[in-house]
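The opening position of the sequence shown corresponds to residue 3 in the working numbering, with each subsequent residue numbered one higher.
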Amino acid sequence: MVYETIAFALFALVTVGCSLGVVLVRDIWHSALLLGGALLSVAVHYVMLQAEFLAAMQILVYVGGVLILITFAVMLTRTQPEVSST
Numbered sequence: 003m004v005y006e007t008i009a010f011a012l013f014a015l016v017t018v019g020c021s022l023g024v025v026l027v028r029d030i031w032h033s034a035l036l037l038g039g040a041l042l043s044v045a046v047h048y049v050m051l052q053a054e055f056l057a058a059m060q061i062l063v064y065v066g067g068v069l070i071l072i073t074f075a076v077m078l079t080r081t082q083p084e085v086s087s088t
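Structure representation (structure tokens):
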């Protein structure tokens with residue numbers, strides 16, 4: 003029981019830390035990586051609640067789908083700085 007409480011507290015801190023990082027980090031790429039960390043730690047909470055199907059759907063839909071979509075959006079909309087030749 004003590005180990006479950008420690009694991010819960012650890013992953014709760016990871017979830018809160020990553021969630022704060024998503025909001026406070028200025029770089030969109032790092033924000034997307036922190037969002038992935040937050041979503042994965044929520045999936046760990048589902049596993050700890052013995053809801054394995056919800057954890058699998060959390061990983062497949064949110065971590066897989068949403069983060070890939072954000073990654074493609076960042077790659078397609080990032081502009082290169084202009085180099086002036088004088």
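Quick reminder that beta carbons are idealized off the backbone N, C-alpha and C, glycines included.
All figures in this text were calculated on a predicted structure; none of them were measured in a lab.
Worksheet item: Where does L37 fall in DSSP's three states?
Response: In this structure, L37 counts as helix in the three-state DSSP scheme.
Worksheet item: How close, in whole Å, do the beta carbons of S43 and F10 come, if the pair is a contact with beta carbons under 8 Å?
Response: Not confirmed; about 11 Å, so no contact.
Fill in: M50 in three-state terms, based on DSSP
In the structure shown, the three-state DSSP call for M50 is helix.
Discussion item. With three or more C-beta pairs closer than 8 Å as the rule, is the stretch 50-64 touching the stretch 20-33?
Written reply: Below 8 Å, too few C-beta pairs join the stretch 20-33 and the stretch 50-64 to call them touching: fewer than three.
Item to complete: Could you pull the start and end residues of the alpha helix (DSSP H) that S87 belongs to?
Response: No alpha helix (DSSP H) contains S87, which DSSP labels as neither H nor E.
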